[in-house]
Amino acid sequence: MGRIISRSFAFSLLFFPLASIASNIQSQFQKDLERNFAAAIILTDSDVLTFGFHDFDPNDWFDLKNENIGTEDSINLRKKIAVTILPYTFDLSDGDAVNKHQISVRLSSLVVDQNVEIDSNYSDDRHREFVAGLGVEYEYIQAINEDWSMNWGIGTHIQYYRSRYEYGSEVLDPIKDIVDGVIVNTSAWATVIEPNIEFKYEQPKDWGKWTFKSRLNYFYGFGWGDANNGHIGNPEGWFVSNGLAAFYDFDQWGRAVQSVYSSIRRVDIGGDTSTPFGTSHYYEGSIGWLMTPPFETDLIDNVGIGLNINYGSNLKGGSIILFFNQD
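Residue 127 in my numbering sits at position 127 of the sequence shown; the count goes up by one each step and never skips.
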């Protein structure tokens, strides 16, 4: 039974099986919980990882043969993950201020829903994992000169993890009392502190503008809750994002400016984040259409639609995405 569990029973958010049902299960699952919370920080940050409403394999769409850009397994993994993010920023400075203060609030939810095959002779089990988050960040934006600015901030996250496991057969009955309420069908919390700094270069052109951003984030947290008999651990990680973006304005309808948007970025990750993503770095590229609103508003900068491709991680593949306030 232990061998079957090790092969097939995926307990963690990004499908890491437990090593055994032996004495080290507590420390193993603590590490899985730390990775769950750490991975959720990146998965719900649209500045470093992008999800859309339709996933696809770029190899099929563009007649390529590159496993680093997408595989059947990675596309299936993307389809099992649902991410919802609701951000809002409060500007605390006057409109003509050179240096600015702002508070950003972000509500997020991350759901991973999968079927778990324990034995091919029996019905699959179902494991649904959910991470809800509330993030608040203070940010100070300092203008260095006309082109360069430096943003530094500190944020905090409250995260709630919930596991719901439905047994499709009696195969796991011998260990059900051991895992239920401890490893599955349980919950945990984490509080995470996340300082960050970003340098941004923006160059206006006759055709629009292009930008360069370099951002460093580090986070460390404290966990508690019922899962794993209270041994939740301390999620920790970091990421560095370096990216270029271009906005090509090609038409204007009244107040509404039509633009082609393109971007490419490299994201280096470490700590508890590298194992879930299966890499120490990955790349993302996007291209799409943007439109500024045809009416005056401070809430919406632009909206649009486009394509995004992730290269080199466990979530490699493409997706159709919606843009909102893209900068």
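All C-beta atoms in this analysis are idealised placements derived from N, C-alpha and C, irrespective of residue type, glycine included.
Of the listed residues the options, nearest to residue i (C-alpha basis)
i	options	result
residue 89	280, 296, 210 and 100	100
residue 258	242, 294, 228 and 280	294
residue 158	261, 46, 84 and 189	189
residue 44	199, 185, 307 and 132	132
residue 322	121, 85 and 138	85
residue 97	250, 211 and 141	141
For residue i, the three-state DSSP class (helix, strand or coil)
i	result
residue 236	strand
residue 136	strand
residue 28	helix
residue 147	coil
residue 256	strand
residue 274	helix
residue 118	coil
residue 293	coil
residue 325	coil
residue 183	coil
residue 207	coil
Beta-carbon spacing of residue i, residue j below 8 Å
i	j	result
residue 315	residue 277	yes
residue 106	residue 70	no
residue 299	residue 326	no
residue 237	residue 41	yes
residue 126	residue 168	yes
residue 221	residue 29	no
residue 186	residue 226	yes
residue 272	residue 34	yes
residue 261	residue 306	yes
residue 312	residue 281	yes
residue 165	residue 182	no
Alpha-carbon spacing of residue i relative to residue j, whole angstroms
i	j	result
residue 292	residue 180	51 Å
residue 274	residue 218	13 Å
residue 48	residue 151	16 Å
residue 20	residue 229	Bear in mind that a pLDDT of 48 at residue 20, under 50, signals an unreliable position, so the model cannot answer this.
residue 110	residue 77	13 Å
residue 74	residue 95	45 Å
residue 296	residue 61	38 Å
is_contact[residue i, chain D] using C-beta, thresh 8 Å
i	result
residue 254	Included in the structure is just one protein chain, with no chain D present.
*Stretch-stretch touch, CB-based, cutoff 8 Å, three pairs: the stretch 200–211 with the stretch 221–237*: no
*asked:* With a threshold of 8 Å, are at least 3 pairs of Cβ atoms found where one atom belongs to the stretch 35–54 and the other to the stretch 317–325?
replied: yes
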